[in-house]
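Notes to accompany the following structure.
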Amino acid sequence: MRLFPLQLTLLLAAFVLPLSLQAQREKLSPEDLAYVEKTWPNAKATGTSLRTEVLAEGSGDSPRPGDRVSVLYKGMLLDGTIFDQATEPERAFTFRLGRGNVIEGWEEGLQLMKIGEKRRFIIPFELAYGTRGDPPKIPRRATLVFEVELLKIEKGESSPPPPPPKKKEKKKKS
C-alpha cells in the first residue's frame, strides 16, 4: 500500500496532535507536562492549567479578593532549585489578594485553600512570570512549583461578612 503525502500527514497528525493539543491546553511544554504528571500524579489541574495538590487539610473559610492573607511558602523551579521562600511564621508573607501583588497562579490557588491548609501549586509560565521570567533566578518560560501554607485570613472591604439572619415578624392581632 502506497501512502500519499496527504494521507501520511493525516496519519502522523493523528499521533502527534493529541500530545501537542494536551500540552497547549495544559500550557506546559510536553517535557514539563510529562515530568509533572510523573512526579506529582495526584496534582489536579484547574481550568486555567494551574495544578494543585493538597498536602495537609485546612478548615474554615477560603480567602476571596480583597482579603489580606498571610502565608508561608517555598518557591522552586522544576529541577528543585529554590529561588524564594518565607518559611518562618514570624516572617510570613502578608498581602491583599486580588490586587496584583502576586502572580496569577497564587491568586487562583489561594482562593482554593482553607486556613491551615498546605498545598503544592504547579504553575505554568503564563500564570507566573511569563515568557521573560524574572532573571537571574527564574528563567524564561519557567514552570514553577510552590509549597504554600495559608496561615491567616483578614476579611477585606470587598468581602463583607454575611448578612445577619432575618428576624421573624410577629403578626399583629386585630
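Just so you know, the sequence shown maps onto residues -23 to -1, 1 to 151 in mature numbering (1 follows the signal peptide of the UniProt record, and there is no 0).
In this text, a Cβ means the ideal position worked out from N, Cα and C, and glycines have one as well.
Nearest in C-alpha terms to D44, of all of N78, V31, M53, is N78. Following the DSSP letters along the chain, one finds E81 inside the alpha helix (DSSP H) bounded by residues 81 to 87. The closest CA to that of G57, considering only F123, G75, L89, is found on F123. If you ignore the 5 residues before and after P116, its C-beta comes within less than 7 Å of the C-beta of G110, all in its own chain and listed in chain order.
Two segments are said to touch when three or more pairs of C-beta atoms, one from each, lie closer than 8 Å; by this definition the region 97 to 110 does not touch the region 70 to 77. Here the alpha carbons of P40 and E14 stand approximately 28 Å from one another. Using a Cβ-Cβ distance cut-off of 8 Å, the region 83 to 94 and the region 4 to 18 are not in contact, since fewer than three pairs of beta carbons, one from each stretch, lie closer than that value. For T29, the enclosing beta strand (DSSP E) has its first and last residue at 28 to 33. With a cutoff of 8 Å on beta-carbon distance, L127 and V31 are scored as not near each other. DSSP places T120 in the coil class of the three-state scheme, outside both helix and strand. For D56, the three-state secondary structure derived from DSSP is coil.
As DSSP reads the structure, D111 sits in a beta bridge with I115. Between K4 and G24, the alpha-carbon positions lie close to 11 Å from each other.
For E103, the closest of G82, Q88, G86 by C-alpha to C-alpha distance is G82.
The beta carbon of P113 sits closer than 6 Å to none of the beta carbons in its chain outside the five residues before and after it.
Judged by DSSP in its simplified three-state form, D44 adopts coil rather than helix or strand. Looking at the backbone, the Cα of F60 and that of E134 are separated by about 33 Å.
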